[in-house]
Amino acid sequence: MKVEINVNGTATTADVEPRTLLVHYLRDNLGLKATNIGCDTTSCGACTVLLDGESVKSCTVLAAQADGLSVTTMEGLSDDGTLSHPVTAAFRQEHGLQCGFCTPGMVMAAVSLIEENPDLTEADVRSGLEGNLCRCTGYHNIVRAVLVAAGKDPDA
Amino acid sequence: MIPVAFDYQRPQTLDEAVALLATRGEDATVLAGGHSLLPVMKLRMAAPELVIDIGRLAELRHLRVEGDEIAIGAATRYRDLVTSTVLAAECALLPAVAATVGDPQVRHRGTLGGAIAHGDPAGDMPAAILALDGTVVLQGPNGRRSVPVAEFYTGLFSTVREPDELVVEIRVPRTGATGWAYEKFTRRSNDWAIVAVAVATMPSGAVNVAMVNMAGTPIRATATEAALAEGKSIVDAAALAAEGTNPPADTHGTPEYRRHLAQVLTRRALQTAIA
Ligand SMILES: Cc1cc2nc3c(=O)[nH]c(=O)nc-3n(C[C@H](O)[C@H](O)[C@H](O)COP(=O)(O)OP(=O)(O)OC[C@H]3O[C@@H](n4cnc5c(N)ncnc54)[C@H](O)[C@@H]3O)c2cc1C
Ligand code: FES
Ligand code: FES
Numbered sequence: 001m002k003v004e005i006n007v008n009g010t011a012t013t014a015d016v017e018p019r020t021l022l023v024h025y026l027r028d029n030l031g032l033k034a035t036n037i038g039c040d041t042t043s044c045g046a047c048t049v050l051l052d053g054e055s056v057k058s059c060t061v062l063a064a065q066a067d068g069l070s071v072t073t074m075e076g077l078s079d080d081g082t083l084s085h086p087v088t089a090a091f092r093q094e095h096g097l098q099c100g101f102c103t104p105g106m107v108m109a110a111v112s113l114i115e116e117n118p119d120l121t122e123a124d125v126r127s128g129l130e131g132n133l134c135r136c137t138g139y140h141n142i143v144r145a146v147l148v149a150a151g152k153d154p155d156a
Numbered sequence: 001m002i003p004v005a006f007d008y009q010r011p012q013t014l015d016e017a018v019a020l021l022a023t024r025g026e027d028a029t030v031l032a033g034g035h036s037l038l039p040v041m042k043l044r045m046a047a048p049e050l051v052i053d054i055g056r057l058a059e060l061r062h063l064r065v066e067g068d069e070i071a072i073g074a075a076t077r078y079r080d081l082v083t084s085t086v087l088a089a090e091c092a093l094l095p096a097v098a099a100t101v102g103d104p105q106v107r108h109r110g111t112l113g114g115a116i117a118h119g120d121p122a123g124d125m126p127a128a129i130l131a132l133d134g135t136v137v138l139q140g141p142n143g144r145r146s147v148p149v150a151e152f153y154t155g156l157f158s159t160v161r162e163p164d165e166l167v168v169e170i171r172v173p174r175t176g177a178t179g180w181a182y183e184k185f186t187r188r189s190n191d192w193a194i195v196a197v198a199v200a201t202m203p204s205g206a207v208n209v210a211m212v213n214m215a216g217t218p219i220r221a222t223a224t225e226a227a228l229a230e231g232k233s234i235v236d237a238a239a240l241a242a243e244g245t246n247p248p249a250d251t252h253g254t255p256e257y258r259r260h261l262a263q264v265l266t267r268r269a270l271q272t273a274i275a
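So the protein lines, in turn, are chains A and B. Residue numbers for the first sequence follow UniProt numbering, beginning at 1 and rising by one. Residue numbers for the second sequence follow UniProt numbering, beginning at 1 and rising by one.
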């Protein structure tokens, strides 16, 4: 079947099997490799992207379900591949990553979280990232980064 | 993991969806949010020939007051429930329960109708709707019928829904902003309930108590409800919560552990809801 998905502001289209997962469409059809596949079972959040502005786990969405909608991946957060977006900049500043595998999913989950609740507390951030697992950082610096990106003082 | 190949259709109207299901009911599966169905298809525990996507049908995403009731379209997502100002005022139990389901990503996709149709004994919404004495509205080729949720579930993942019927709406009474509680016991924050207890105070004044994962279907704590109606204390009534139950055993707990949880969670929920 033919799908047309606006990805990072660009119209994309491909002839795919209905069983094609959104994450495979992004990685294999479009070559956008920021979005990782971790668990492949809706548990880890590594594959998180925005679908019409809301965080979703792209291993559990069909490309067909995104037909006609818009998707944002981490590549889409800046035009020039730099860390100019407030969330990516804050992850860098606060050392919100170690190996980096969970990072694109964490960043996209955080973008959605801040969009929905600009007045985040530390508790909101911790519960708001409940769908994203990190094996390295112990979460502490990720939570700090999200608070900084939301304009909050992480030491308050 | 990749599902077995299937055909995909996304009808543009409810009538089209019902007609498609009527002709292909036996080998078709309805897709709403996909957050129960797609994992099962990826594990190849389900392999439908045709997937009918109703997740974007605007006709099934309403949420409005109708007389004494609130009518909620089946494709209404958890996130819609959590953020609904109508529900916050008219039935505050539902957004509170929806906020405990999974994680934000799951709540952006999962639907109320999907949760009700799926009928997972560990699911949160079926018990919440049961506590509210809600109704499931089904639509098939012969029109609509309403089934009280208390009669909807027949066993593990089984309901009275016919293969050619869609869940189109869930109806609950207007119970207001207070008099409710939801106590969900999990190992980790985005887990399914090991046991959960929903309490709702009905417009009649009756206090309803429904439990998650204490049987193959959501069930009411009938002994607790009767004791409350007789004027017994919360502590005494809650001690009866597990009476007559035969909860499942799994890696998260023995039946005995679940019976203990049911009593503790019922006490806490009642103390929050009505003390
Ligand atoms: C990581 C994760 C964590 C989760 N945690 C929880 C949790 O804590 N608590 C909880 O309750 N649930 C949890 N869930 C399940 C989630 O709530 C599902 O979204 C929900 O159970 C099913 O809704 P859906 O819209 O995704 O349905 P789908 O997956 O699309 O469908 C589920 C089933 O219902 C049928 N169906 C769907 N809609 C209709 C309809 N309108 N009419 C007829 N049949 C229909 C489908 O054919 C399918 O058999 C979790 C899921 C995931 C992936
Ligand atoms: S890869 Fe999608 S949630 Fe883990
Ligand atoms: S930085 Fe390694 S998994 Fe999070």
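Even for Gly, the Cβ is constructed at its ideal location relative to N, Cα and C. Since the structure is predicted, the reported quantities are computational estimates derived from the model, not experimental observations.
Residue-chain proximity (residue i, chain B), Cβ-Cβ < 7 Å
{"i": "residue 163 of chain A", "result": "Given a span of 1 to 156 for chain A in the structure shown, any question on residue 163 of chain A remains unanswerable."}
{"i": "A:R19", "result": "yes"}
{"i": "A:D28", "result": "no"}
{"i": "A:S58", "result": "no"}
{"i": "A:T42", "result": "yes"}
{"i": "A:G131", "result": "yes"}
{"i": "A:S55", "result": "yes"}
{"i": "A:A149", "result": "no"}
{"i": "A:A123", "result": "no"}
{"i": "A:A156", "result": "no"}
{"i": "A:G128", "result": "yes"}
{"i": "A:A64", "result": "yes"}
Beta-carbon contacts of residue i that lie in its chain and below 7 Å, excluding the five residues immediately before and after
{"i": "B:A181", "result": "V199, A269, T272, A273"}
{"i": "B:G25", "result": "P163, D164"}
{"i": "B:P173", "result": "D68, E69, L132, D133, M202, P203"}
{"i": "A:L30", "result": "V7, T12"}
{"i": "B:V101", "result": "Y78, R107, G110, D124"}
{"i": "B:I116", "result": "M125, P126, I129, V136, V167, I170"}
Residue-level contact to chain A via CB, residue i, 7 Å cutoff
{"i": "B:M202", "result": "no"}
{"i": "B:A47", "result": "no"}
{"i": "B:R109", "result": "yes"}
{"i": "B:L38", "result": "yes"}
{"i": "B:I2", "result": "yes"}
{"i": "B:Q263", "result": "no"}
{"i": "B:N246", "result": "no"}
{"i": "B:D103", "result": "yes"}
{"i": "B:N213", "result": "no"}
{"i": "B:A58", "result": "no"}
{"i": "B:F6", "result": "yes"}
{"i": "B:S84", "result": "no"}
{"i": "B:N208", "result": "no"}
Exposed unless 16 or more other CB atoms sit within 10 angstroms - verdict on residue i
{"i": "B:A196", "result": "buried"}
{"i": "B:H108", "result": "buried"}
{"i": "B:I2", "result": "exposed"}
{"i": "A:D153", "result": "exposed"}
{"i": "B:L43", "result": "exposed"}
{"i": "B:R161", "result": "buried"}
{"i": "A:S84", "result": "exposed"}
{"i": "A:N117", "result": "exposed"}
{"i": "B:D124", "result": "buried"}
{"i": "B:S36", "result": "buried"}
{"i": "B:A177", "result": "exposed"}
{"i": "B:R267", "result": "buried"}
{"i": "B:E169", "result": "buried"}
Nonlocal neighbours in the same chain, by C-beta distance under 8 Å from residue i, ignoring five residues either side
{"i": "B:L63", "result": "I70, A71, I72, G73, T76, D80, L81, S84, V86, L87"}
{"i": "B:S158", "result": "G119"}
{"i": "A:I114", "result": "V87, L120, V146, A149, A150"}
Contacts around residue i, its chain only, beta-carbon distance under 6 Å, and the 5 residues preceding and following it disregarded
{"i": "A:D119", "result": "none"}
{"i": "B:G253", "result": "I194"}
{"i": "A:V87", "result": "V107, A110, V111, A149"}
{"i": "A:G38", "result": "C44, A46"}
{"i": "A:D137", "result": "Per the sequence presented here, residue 137 of chain A reads as Thr, with Asp not at that position. So the list reads Q98, once near-sequence residues are dropped."}
{"i": "A:R144", "result": "E94, P154"}
Identity of the residues DSSP links to residue i by a beta bridge
{"i": "B:G67", "result": "Looking at the DSSP assignment, B:G67 forms no beta bridge with any residue, so it has no partner."}
{"i": "B:L50", "result": "B:D7, B:A28"}
{"i": "B:M211", "result": "B:V197, B:I219"}
{"i": "B:S146", "result": "B:V137"}
{"i": "B:E59", "result": "Paired residues: none, contrary to the question."}
{"i": "A:N6", "result": "A:A11, A:S70"}
{"i": "B:C91", "result": "B:G176"}
{"i": "B:D15", "result": "Paired residues: none, contrary to the question."}
Sequence-ordered residues whose beta carbon comes within less than 6 Å of a heavy atom of ligand 2: Per the CB criterion, closer than 6 Å to any heavy atom of ligand 2, the qualifying residues run in chain order as A:I37, A:G38, A:C39, A:D40, A:T42, A:S43, A:C44, A:G45, A:A46, A:C47, A:K57, A:C59.
message: As a quick check of your reading: which residues have a C-beta less than 5 Å from at least one non-hydrogen atom of ligand 3, in chain order?
response: Result: A:L97, A:Q98, A:C99, A:F101, A:C102, A:C134, A:R135, A:C136.
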